[in-house]
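Undergrad: Residue numbers (UniProt numbering): 1 to 277.
C-beta atoms are modelled at their ideal positions from N, C-alpha and C, and glycine is treated no differently.
Since the model is a prediction, treat every value here as computed from it, not as a measurement.
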């Protein structure tokens, strides 16, 4: 199962790279053609402009509003993915026990390990592959939103707060906020996990730094998108993946299991005493 998840993740990344390289960087206009440019990105662009008109032709507010709407639309997918990941994470200690028990690399032992892993997943109602599917749906949507802002010239005109939308933030406030919210969402997600590893911690600190330096040299219109989407992600993680609530539930479950085991042991001792009599 782990190998399948790795292959799916790799396929997703390769597919995304292909998508990014295949997409044109030409400005989006009413003359744009093709499924991606002429239908998806163009209509995303039109929706942002329409929303901007509701806010007095404020393209900054149009970007904020549409970004939030998109995040709300894909929220059910995020909730499904989070629940699936949580179930998988809870099984990690048992999966490690199985890997330790069937550590031999011979064919028969490996087959037995796979069977036991599949049995464990089935008993817990976990499909490790299903957690990757929402990601496949989310990536094109979020990339279309990014492209609509990046490639629509009018969305980079005008002002919003202290920003000139077509220029970078002169005070570096947006890059800092984008990095902070990226770190916060990663930290909250990692804190809820029963176990952490070096790769997870590296991503938690590495991604905010990458986002910060990238945001230093891009138009403020894109910085606004990054800040809003990462702030939404942090709030979403806090609500549906609250680490303190999850840790409390985990502790209560462990306590209940210990009490149950203690009752079994007590019953066994009592039965042995009765048998001796």
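1) Pick from 170, 94, 83, 112: whose alpha carbon is nearest that of residue 220?
2) Is the region 141 to 160 close to the region 203 to 214, with three or more CB pairs under 8 Å?
3) Taking the CB atoms as reference points, tell me whether residue 183 and residue 67 lie closer together than 9 Å.
4) Please classify residue 244: is it buried, with 16 or more other beta-carbons within 10 angstroms of its beta-carbon, or exposed?
5) With three or more beta-carbon pairs closer than 8 Å as the criterion, would you say the region 55 to 64 touches the region 72 to 81?
6) Please report the distance separating the alpha-carbon of residue 118 from that of residue 91.
7) At which residues does the alpha helix (DSSP H) containing residue 84 begin and terminate?
8) Taking the alpha helix (DSSP H) that residue 25 belongs to, which residues open and close that run?
9) List the residues that DSSP assigns as beta-bridge partners of residue 164.
10) In this structure, does DSSP put residue 224 in helix, strand or coil?
11) By Cβ distance below 8 Å, which residues in the same chain neighbour residue 218 in space, the five residues on each side in sequence not counted?
12) Pull up the CB-CB distance for residue 246 and residue 192, whole angstroms please, since I reckon it's below 8 Å.
13) Drop a sphere of 10 angstroms on the beta-carbon of residue 21, count the other beta-carbons inside from all chains shown, and report buried for 16 or more, exposed for fewer.
14) Using 8 Å as the Cβ pair cut-off and three pairs as the minimum, do the region 138 to 154 and the region 201 to 208 touch?
15) Residue 140 to residue 160, Cα distance in whole Å?
16) Which word fits residue 124, buried or exposed, when buried means at least 16 other C-beta atoms lie within 10 angstroms of its C-beta?
17) Are the Cβ atoms of residue 236 and residue 71 separated by less than 9 Å?
18) Just the Cα atoms here: how many angstroms apart are residue 260 and residue 111?
19) Could you round the C-beta distance between residue 179 and residue 209 to whole angstroms and report it? I think they count as a contact, below 8 Å.
20) Do residue 144 and residue 55 have their beta-carbon atoms positioned less than 9 Å apart in this structure?
21) So what does DSSP say about residue 170, is it helix, strand or coil?
22) Hey, could you find the ends of the alpha helix (DSSP H) residue 50 is sitting in?
23) Specify the secondary structure class of residue 102 as computed by DSSP and reduced to three states.
24) Can you grab the Cα-Cα spacing for the pair residue 26 / residue 164, in whole Å?
25) Can you name the start and end residues of the alpha helix (DSSP H) that residue 107 belongs to?
26) State the Cα-Cα distance for the pair residue 136 and residue 234, rounded to the nearest angstrom.
27) Rounded to whole angstroms, how far is the Cβ of residue 39 from the Cβ of residue 87, which I believe are closer than 8 Å?
28) How big is the Cα-Cα spacing for residue 187 and residue 199?
29) Are there 16 or more other CB atoms within 10 angstroms of the CB of residue 33, so buried, or fewer, so exposed?
30) Using only the alpha-carbon positions, how far apart do residue 113 and residue 249 sit?
TA: Judging by the given coordinates:
1) Sequence index remark: in the chain shown, residue 220 carries index 220 (1-based). The shortest C-alpha separation from residue 220 is found at 170.
2) No, they do not touch.
3) Mapped onto the chain shown, residue 183 falls at position 183. Mapped onto the chain shown, residue 67 falls at position 67. No, these two residues do not count as a Cβ contact at 9 Å.
4) Here residue 244 corresponds to residue number 244 of the chain shown, with the count starting at 1. Flag for residue 244 reads exposed.
5) Per the Cβ contact rule, the region 55 to 64 is not in contact with the region 72 to 81 (fewer than 3 Cβ pairs under 8 Å).
6) Counting from one through the chain shown, the residue named residue 118 turns up at place 118. Counting from one through the chain shown, the residue named residue 91 turns up at place 91. Rounded to whole angstroms, residue 118 to residue 91 spans 12 Å at the Cα level.
7) Indexing the chain shown from 1 puts residue 84 at position 84. Run containing residue 84: 75 to 90, per the alpha helix (DSSP H) assignment.
8) Your numbering for residue 25 matches position 25 in the chain shown. Secondary structure note for residue 25: it is in no alpha helix (DSSP H), with a DSSP letter that is neither H nor E.
9) Here residue 164 is taken as the residue at index 164 of the chain shown, counted from 1. Beta-bridge annotation (DSSP): residue 164 is paired with 159.
10) Along the chain shown, one-based indexing puts residue 224 at 224. If DSSP states are grouped into helix, strand and coil, residue 224 belongs with the helices.
11) For this step, residue 218 is matched to residue 218 along the chain shown. Result list for residue 218: 168, in chain order.
12) Position 246 of the chain shown, counted from the first residue, corresponds to residue 246. Position 192 of the chain shown, counted from the first residue, corresponds to residue 192. Residue 246 to residue 192, Cβ: 5 Å. Contact.
13) One-based indexing of the chain shown puts residue 21 at position 21. Any reading at residue 21 must be qualified, since the residue scores a pLDDT of 42, below 50, and its modelled position is unreliable; no value is offered.
14) By the Cβ criterion, the region 138 to 154 is not in contact with the region 201 to 208, since fewer than three pairs of Cβ atoms, one from each stretch, lie closer than 8 Å.
15) One-based indexing of the chain shown puts residue 140 at position 140. One-based indexing of the chain shown puts residue 160 at position 160. The alpha-carbon atoms of residue 140 and residue 160 are separated by roughly 27 Å.
16) Mapped onto the chain shown, residue 124 falls at position 124. By the neighbour-count rule (16 or more Cβ atoms within 10 Å), residue 124 is not buried but exposed.
17) Stepping through the chain shown from its first residue, residue 236 is reached at position 236. Stepping through the chain shown from its first residue, residue 71 is reached at position 71. Remark: C-beta atoms of residue 236 and residue 71 approach each other more closely than 9 Å.
18) Translated into the one-based positions of the chain shown, residue 260 becomes position 260. Translated into the one-based positions of the chain shown, residue 111 becomes position 111. For residue 260 and residue 111, the gap between their C-alpha atoms comes out near 33 Å.
19) By one-based count along the chain shown, residue 179 stands at place 179. By one-based count along the chain shown, residue 209 stands at place 209. At roughly 7 Å, the Cβ-Cβ gap stays under 8 Å, so residue 179 and residue 209 are in contact.
20) In the chain shown, counting from the first residue as 1, residue 55 sits at position 55. In the chain shown, counting from the first residue as 1, residue 144 sits at position 144. Not in contact: residue 55 and residue 144 (Cβ atoms no closer than 9 Å).
21) Walking along the chain shown from the start, residue 170 turns up at place 170. In this structure, residue 170 counts as coil in the three-state DSSP scheme.
22) Taking the chain shown and counting its residues from 1, the one referred to as residue 50 is at position 50. For residue 50, the enclosing alpha helix (DSSP H) covers residues 42 to 54.
23) Here residue 102 refers to the residue found at position 102 when the chain shown is read from its first residue. Secondary structure at residue 102: coil, using DSSP grouped into helix, strand and coil.
24) Walking along the chain shown from the start, residue 26 turns up at place 26. Walking along the chain shown from the start, residue 164 turns up at place 164. Taking the straight line joining both Cα atoms gives about 21 Å.
25) Taking the first residue of the chain shown as 1, we reach residue 107 at position 107. Counting along the chain, residue 107 sits inside the alpha helix (DSSP H) bounded by residues 107 to 124.
26) In the chain shown, residue 136 corresponds to position 136, counting from 1. In the chain shown, residue 234 corresponds to position 234, counting from 1. Answer to the nearest angstrom: the Cα atoms are 21 Å apart.
27) Translated into the one-based positions of the chain shown, residue 39 becomes position 39. Translated into the one-based positions of the chain shown, residue 87 becomes position 87. The C-beta separation of residue 39 from residue 87 comes to about 36 Å, leaving the pair out of contact by the 8 Å criterion.
28) Position 187 of the chain shown, counted from the first residue, corresponds to residue 187. Position 199 of the chain shown, counted from the first residue, corresponds to residue 199. Roughly 13 Å separates the two Cα atoms.
29) Along the chain shown, one-based indexing puts residue 33 at 33. Counting Cβ neighbours within 10 Å, residue 33 comes out exposed, since fewer than 16 surround it.
30) Here residue 113 is taken as the residue at index 113 of the chain shown, counted from 1. Here residue 249 is taken as the residue at index 249 of the chain shown, counted from 1. Their Cα atoms are separated by approximately 29 Å.
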